[in-house]
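*Asks:* Residue numbers 146 to 350, in the numbering used here, belong to the letters of the sequence shown in order.
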Amino acid sequence: MSISATINGALRKTPAWPIYLLAAAYVGWEFWRALNQIGPYLIEPINVLERAYGKAGLILLVAGLMVTPLRNWTGVNLIKFRRAIGVTAFFVILAHFLVFAVLDVQSASRVWTEIVERPYVTAGMVSLLLLVPLVLTSNNLAIRKMGAASWRQLHKLSYIAVILGALHYLWLSRGFQIEPLVYLVLSIGLVALRYRHIVWRKQPA
């Protein structure tokens, strides 16, 4: 038996729901640390918490994009976890937005001003809004109602959302930093690979 087959056998016995618990625990733990100004939250805890949630959400979006290439290249199948990863990404990014809106700017009018006047906030907000229909349809009932083909088309919005999220992270970074650039390149590369795979599949044999 191959290594990938052994891994897949173990994965089939592993439920996806712990992903939600781990994400909730992470969000709660980081909020508690920020509230008590522990570790990196000693200075500007709100700003640090906002960035921590945003980065975690972006990592989850990228992880969701990596599921298919990982299966194609290694045979390891994480498809059963992709829904949980995507839904979790949305709620962590929503927490990122709520920290920004409620704890940082603290005003609906100022939130709107930030969205309109600051391109990096605009990109982040559009990314969040694109995720809303995806999380609302991340269930078997929606797939049956929409049909698999229409559902897949809708969920391609995740490609735009992850690239906009990476742009948001890059734009808000001060000075030249490698990490945000890596996320942007990785996001674009994974989306390009996905489209290349789709085009290759459609070619006649």
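Heads up, the beta-carbon is just placed ideally off N, CA and C, and yes, glycines get one too.
Taking Cβ positions, are residue 212 and residue 204 nearer each other than 8 Å?
*Replies:* no
*Asks:* Just to confirm my understanding: we take residue 291, look at its own chain, exclude 5 residues before and 5 after, and list those with CB closer than 8 Å. What are they?
*Replies:* 282 and 299
*Asks:* Going by DSSP in three states, residue 349 sits in which element: helix, strand or coil?
*Replies:* Per-residue confidence for residue 349 stands at a pLDDT of 48, beneath the threshold of 50, marking its modelled position as unreliable; no derived number is given.
*Asks:* If I follow the unbroken alpha helix (DSSP H) through residue 188, where does it start and stop?
*Replies:* Where residue 188 is concerned, there is no enclosing alpha helix (DSSP H), given that its DSSP letter is neither H nor E.
*Asks:* Should the region 169–177 be called in touch with the region 299–308, which here means at least 3 C-beta pairs below 8 Å?
*Replies:* no
*Asks:* As a quick exercise: from 339, 310, 266 and 306, pick the residue whose alpha carbon is nearest that of residue 326.
*Replies:* 310
*Asks:* Hey, residue 276 and residue 235 are a contact pair by Cβ (cut 8 Å); roughly how many whole angstroms apart?
*Replies:* 5 Å
*Asks:* Expressed to the nearest angstrom, what Euclidean distance is found between the alpha-carbon atoms of residue 153 and residue 321?
*Replies:* 40 Å
*Asks:* For the alpha helix (DSSP H) that residue 178 lies in, which residues bound it at each end?
*Replies:* Start and end: 163–180.
*Asks:* May I ask you to verify whether the region 243–257 touches the region 215–224, counting CB pairs closer than 8 Å and requiring at least 3?
*Replies:* no
*Asks:* Classify residue 149 as helix, strand or coil using the three-state DSSP reduction.
*Replies:* If DSSP states are grouped into helix, strand and coil, residue 149 belongs with the helices.
*Asks:* If you follow the alpha helix (DSSP H) that residue 220 is part of, which residue opens it and which one closes it?
*Replies:* Segment: none, residue 220 is in no alpha helix (DSSP H) and carries neither H nor E.
*Asks:* Kindly indicate which three-state DSSP category residue 330 falls into: helix, strand or coil?
*Replies:* Correct three-state label for residue 330: helix.
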